[in-house]
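Enquirer: Okay, so the sequence shown: first residue is 1 according to the UniProt record's numbering, each after it adds one.
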Amino acid sequence: MSRNQGSKGKGKISGRGNANSKTNSFAKGNAPVKKKTVNKPSQSDEIRLNKYIANSGVCSRREADENIALGLVSVNGKVVTEMGYKVKRSDEVRYDGQRITPEPSVYVLLNKPKGFATTTAEGKGKTVMDLVANATSARIKPIGRLGRNSLGLLLFTNDDKVVQKFTNSKNGVSRLFQVELDKNLKFEDLKKIQEGFKVEGKLISVEEISYIQGESKNQVGIKIKNTGNTILRTIFDELHYDIVRIDCVAIGHLTKKDIPRGHWKHLTEQEINTLKML
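(1) Using DSSP's beta-bridge definition, name the partner residues of L155.
(2) Could you pull the start and end residues of the alpha helix (DSSP H) that E180 belongs to?
(3) Indicate whether residue 292 and N50 have their beta-carbon atoms separated by less than 8 Å.
(4) Roughly how many angstroms lie between the CA atoms of E215 and C59, to the nearest whole one?
(5) Where does I193 sit, in a helix, a strand or coil, going by DSSP?
(6) Just the Cα atoms here: how many angstroms apart are Q194 and E208?
(7) Which class does T37 belong to by DSSP, given the choice of helix, strand or coil?
(8) Taking C-beta to C-beta, are I212 and V220 nearer than 8 Å?
(9) Once DSSP output is grouped into helix, strand and coil, what is the label at G11?
(10) Can you tell me whether F187 is buried or exposed, with buried defined as 16 or more other CB within 10 angstroms of its CB?
(11) Let me confirm a value: D247 is counted as buried when at least 16 other C-beta atoms fall within 10 Å, else exposed. Which label applies?
(12) Distance check for T268 and D258, CA to CA, integer angstroms please.
(13) Decide yes or no for the touch test of the segment 169-181 against the segment 122-133: beta carbon pairs closer than 8 Å, at least 3 of them.
(14) To the nearest angstrom, how far is the alpha carbon of I53 from that of E180?
(15) For my contact list, N76 and R145 are in at a C-beta cut-off of 8 Å; report their separation, rounded to the angstrom.
(16) Please state the DSSP three-state secondary structure of D91.
(17) In chain order, which alpha helix (DSSP H) runs of at least 4 residues are fully inside the UniProt domain "RNA-binding S4" (47-106)?
(18) Using DSSP with H/G/I as helix, E/B as strand and the rest coil, what is L232?
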């Protein structure tokens, strides 16, 4: 507010080119009423559906409008044909049945240290999301789990097709673990694990297991396709061994080479292409 607007009846403004014009008083009660600006809730998280589709790389905005009209697009399970429809980036958008995202696909490989929970939930103390917070602005999430005190490789991505590849119960992607036990693993127990055995009526099997060359018999390498490491504890609990240490040393063709503990890297184009071919 200017000084004139704050005075009570003292400020006068002459009419332009007219010395006899009336005085405009800015005294209280006579001041012009300013229209109040209503601040609408921020909708910065919203984006037009056709732009969302175009940003995903599926097609152009114009083609997206045509396909929306044809009923090829659904949002959170509901087909949308309305032009100009807006969605949030957190919505599930499917184009011809396939889920799409407006973000470029990102692949981050972390060498996890102890003491970090594998979760995207808040209020869980230190999590792996804290370790990759500066890796990208994309909404990546970890594939599978490593226990809070487990070590090793953990892959993060926003690529749903790659996530499905890992979680496919028939195919999956192999992960190699180095497991340290509280005592030497008996050869007959190693053979039992190789051949597979049942726990509470459920067959427990691994792809490979062997002693680690140059190490004592309480350290073994185990290759599995499960996304978690719970199966490892199930196996050794059943055979009366305690696990001292679990370290994921490889995911498919990916290894810990040049990734210090607690650090991460973006996958190279070649690594991404190989990952998609697994």
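Ideal Cβ placement from N, Cα and C applies to all residues, glycine included. Owing to the predicted nature of the structure, the values given are computational and were not obtained by experimental measurement.
Expert: Reading off the structure:
(1) In the sequence shown, the residue the question calls residue 155 occupies position 155. For L155, which the question treats as bridged, DSSP gives the partners L109.
(2) Start at 1 with the first residue of the sequence shown, and residue 180 comes out as number 180. For E180, no alpha helix (DSSP H) encloses it; the enclosing beta strand (DSSP E) starts and ends at 175-181.
(3) In the structure as shown, the chain begins at 1 and stops at 278. Residue 292 is therefore absent and cannot be evaluated.
(4) In the sequence shown, the residue the question calls residue 215 occupies position 215. In the sequence shown, the residue the question calls residue 59 occupies position 59. Roughly 55 Å separates the two Cα atoms.
(5) Here residue 193 refers to the residue found at position 193 when the sequence shown is read from its first residue. If DSSP states are grouped into helix, strand and coil, I193 belongs with the helices.
(6) If you number the sequence shown from 1, residue 194 lands on position 194. If you number the sequence shown from 1, residue 208 lands on position 208. Our two residues, Q194 and E208, have alpha carbons roughly 7 Å apart in a direct line.
(7) Walking along the sequence shown from the start, residue 37 turns up at place 37. Low confidence applies to T37: its pLDDT is 41, below 50, so where it sits in the model is not reliable, and the reading given next is rough at best. In the structure shown, the three-state DSSP call for T37 is coil.
(8) On the sequence shown, residue 212 is found 212 positions in, with the first residue counted as 1. On the sequence shown, residue 220 is found 220 positions in, with the first residue counted as 1. For I212 and V220, yes; Cβs fall inside 8 Å.
(9) In the sequence shown, residue 11 corresponds to position 11, counting from 1. Caution applies to G11, whose pLDDT of 45 falls short of 50 and renders its modelled position unreliable; the model cannot decide the point.
(10) Walking along the sequence shown from the start, residue 187 turns up at place 187. Classification of F187: exposed, given that the 10 Å Cβ count is below 16.
(11) Reading the sequence shown from its first residue, position 247 is the one you call residue 247. Classification for D247: buried.
(12) Indexing the sequence shown from 1 puts residue 258 at position 258. Indexing the sequence shown from 1 puts residue 268 at position 268. Taking the straight line from one Cα to the other gives about 13 Å.
(13) Three or more Cβ pairs closer than 8 Å define a contact, and the segment 169-181 falls short of that threshold against the segment 122-133.
(14) The sequence position of residue 53 within the sequence shown is 53, counting from 1. The sequence position of residue 180 within the sequence shown is 180, counting from 1. I53 and E180: Cα-Cα distance of roughly 48 Å.
(15) On the sequence shown, residue 76 is found 76 positions in, with the first residue counted as 1. On the sequence shown, residue 145 is found 145 positions in, with the first residue counted as 1. Between N76 and R145 the beta-carbon gap is near 26 Å, outside 8 Å, which marks them as no contact.
(16) Position 91 of the sequence shown holds residue 91. For D91, the secondary structure class from DSSP, reduced to helix, strand or coil, is coil.
(17) The UniProt domain "RNA-binding S4" (47-106) contains these whole alpha helix (DSSP H) runs: 49-55, 61-69.
(18) For this step, residue 232 is matched to residue 232 along the sequence shown. DSSP places L232 in helix when its eight states are reduced to three.
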